[in-house]
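Have a look at the structure below, then the notes.
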Amino acid sequence: MKFSGKIPLTGTLILFLLFSHQANAQKSTLVYAIRDTQELKMDIYQPSDPQEKNPCIIFVFGGAFYTGSRDAGEYHDYFKSLADSGFMVASIDYRLGMKNATKPPSLFNRKTLVNAINMAVEDFYTATGFLLHHADSLHIDTTRILGSGSSSGAITVLTADFRKRNFRDKAILPPSFQYAGIISFAGAVYSNHGRPKYKEKPDPVLLFHGNKDDVVPFKKIALFGTGMYGSSMVIKEYRKKDEPYYFIVLDGIGHDAASFPMTEYLPEIHDFLREWILEKRPLSEETMIRDDARKNSSLNFNDVFPKKSKRE
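Here my numbering is used: position 256 in the sequence shown is 1209, and no number is missing along the way.
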């Protein structure tokens, strides 16, 4: 239903190209930063029909901030589809701050999780800064850089965009820069300022979320204004300010929404990129989809954050 500059980068940068081919999309791998002795890489998928300046989507993988890979096979169809439609894709590494956690986070045990989110957001900003710095050689349209992520990656891009529009977060990026859009698969904003509100005009968002998600909340998990604010809470601010958004609620679905829309909802993703981003149409659309033939997994919060003894 339709309601109708270059910046300095910290750390040593090692730049190398490893050319291969993923179907029709040319892929290269770059080291964009070194953090805590770890090389952080990005895989770049060039558009199949490149232009002088191309829009760019920075993708952040999921895995609860303790596992995952930028080049996991489950993302390849998504990357190829985006490249075939004229978008450059940069799929990035980031530091996994939950990797050595001994127990699941909670409202009363959130320090490790908050640190993990902060590190991921910082690395996302650093990757963005790298792309801005090399925009000419990589043929990037700096006015059309988007963020996209799955699960913890979606938390990262939504939180990064929220902080950039409210707090100019740590000034890693130029003050004038803002992301052109966000595509989130089962994400949330981590906020200690209550429900996300935006001092600066927010960018268009495409949010996929299952309303039975027991991992990343569809609504919120918060105490005294601090916690995770899921897609339904983010959209409240967009409705209030009459800002453009596309919200796809997957009825009866849990955390599976972090993955299958990347292959099964490509037409909706391309509609968003064409109408909201390229054509800049001021649309607001909400859709609830129920598929009784889909078998929903029983993945829950403790499955995602098992105890250390179970991981060893």
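Using N, Cα and C, we set each Cβ at its ideal position, and we do this for glycine too.
Helix or strand or just coil, what does DSSP make of residue i?
i: N1071; result: helix
i: A1246; result: coil
i: T990; result: coil
i: F1213; result: coil
i: L1049; result: coil
i: D1024; result: coil
i: H1223; result: helix
i: A1139; result: coil
i: F1171; result: coil
i: H1087; result: coil
i: N1007; result: strand
i: R1097; result: strand
i: K1150; result: coil
i: S1103; result: strand
i: S1129; result: coil
i: F1077; result: helix
i: D1156; result: coil
i: S1262; result: With a pLDDT of 40 at S1262, under the threshold of 50, the modelled position of that residue is not reliable, and no figure is offered here.
i: L983; result: strand
i: D996; result: strand
i: E1238; result: strand
i: H1092; result: coil
i: I1188; result: helix
i: T963; result: Because T963 sits at a pLDDT of 37, beneath the cut-off of 50, its placement in the model cannot be relied upon, and the following sentence gives the value as read from the coordinates. Three-state result, T963: coil.
i: S1044; result: strand
i: I1201; result: strand
i: F1014; result: coil
i: S957; result: Confidence is the limiting factor: at S957 the pLDDT is only 37, short of 50, which leaves the residue's position unreliable and the question unanswerable from this model.
Just to confirm before moving on: does the CB-CB distance between residue i and residue j stay below 7 Å?
i: L1236; j: P1197; result: yes
i: A1210; j: G1163; result: yes
i: E1190; j: P1149; result: yes
i: H1092; j: K1006; result: yes
i: F1161; j: I1125; result: no
i: N1119; j: K1152; result: yes
i: A1246; j: Y1182; result: no
i: F1032; j: Y998; result: yes
i: Y1143; j: T1112; result: yes
i: D1030; j: T1216; result: yes
i: R1243; j: D1204; result: yes
i: N1249; j: I1206; result: yes
Ignore the nearest five residues each way along the sequence and tell me which others in residue i's own chain have a CB closer than 7 Å to its CB.
i: L1219; result: S1034
i: D1024; result: D996 and S1044
i: S1022; result: F1014
i: S1038; result: H1223 and L1226
i: A1036; result: A978, Y998, Q999, P1000, S1001 and V1042
i: P1170; result: A1141, M1181 and G1183
i: P1003; result: H1092
Which same chain residues end up closer than 6 Å to residue i when comparing Cβ atoms and leaving out the 5 residues on each side of it in sequence?
i: T1179; result: N1145
i: I1136; result: S1101 and L1159
i: G1106; result: V1013, F1014 and G1015
i: S1103; result: G1015, F1138 and A1211
i: P1008; result: F1040, D1094 and R1097
i: L1066; result: P1058
i: K1194; result: none
i: K1267; result: No information on residue 1267 is available, as it lies outside the stretch 954 to 1265 that the chain covers here.
i: M1241; result: V1202 and D1204
i: F1115; result: V1142 and P1149
State the CB to CB distance for the pair residue i and residue j, rounded to an integer number of angstroms; the pair is presumed to be in contact (CB under 8 Å).
i: I1070; j: T1020; result: I1070 to T1020, Cβ: 16 Å. No contact.
i: M1186; j: K1165; result: Actually they do not touch by this definition, with Cβ atoms about 16 Å apart.
i: A1073; j: F1018; result: 6 Å
i: I1010; j: V984; result: Not quite, the Cβ-Cβ distance comes to about 20 Å (not below 8 Å), so this is no contact.
i: D1046; j: L1099; result: About 19 Å separates the two Cβ atoms, so there is no contact after all.
Cutting at 8 Å between CB atoms, please list the residues of its own chain near residue i, excluding the five before and the five after it.
i: H974; result: For H974, the predicted model reports a pLDDT of 38, less than 50, meaning its position is unreliable; a value from the coordinates is still stated below. Excluding residues within five positions, the ones whose Cβ falls inside 8 Å are K980.
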